[in-house]
Amino acid sequence: MQTDQPGPGTQMPMERLTCQQVTDVIIDYLTGDMQPETKRLFSDHLEGCPDCHAFFNTYNGTVRATRSLSYDAVPDEMRNRVRQFLLKTIAGE
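37 is the number that full-length UniProt numbering gives to position 37 of the sequence shown; each next residue is one higher, with no gaps.
Here it is, written out as structure tokens:
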């Protein structure tokens, strides 16, 4: 039984989740790695907490937006400039 370390299949046997617990397990919710009871508690918390609901919407939107990005979307010139900058930084120039 996990109560202090969220992760795959997170179980949190309690009546309500705190805002901190919601943020700790948000990725488990989005990936489906959450026990049904914890999922219910998570959803219940979002319904009653406007701040967590807004955070969830922003987090979820960010995850979905970044999934649509591709490496090819970066222009070759920009990629080369970043690569050169990193090489110079690593070399200590």
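The C-beta atom is built at its ideal place from N, Cα and C for all residues, glycine as well.
{"query": "If contact is defined by three or more beta carbon pairs under 8 angstroms, each pair taking one atom from either stretch, is the region 52-66 in contact with the region 17-35?", "result": "yes"}
{"query": "For a quick check, are the C-beta atoms of Ile90 and Tyr59 less than 8 angstroms apart?", "result": "no"}
{"query": "Please list, in chain order, all residues of the same chain as Phe56 whose beta carbon is under 7 angstroms from its beta carbon, the five residues on each side excluded.", "result": "Ile26 and Leu46"}
{"query": "What separation, rounded to the nearest whole angstrom, lies between the Cα atoms of Asp72 and Asp28?", "result": "29 angstroms"}
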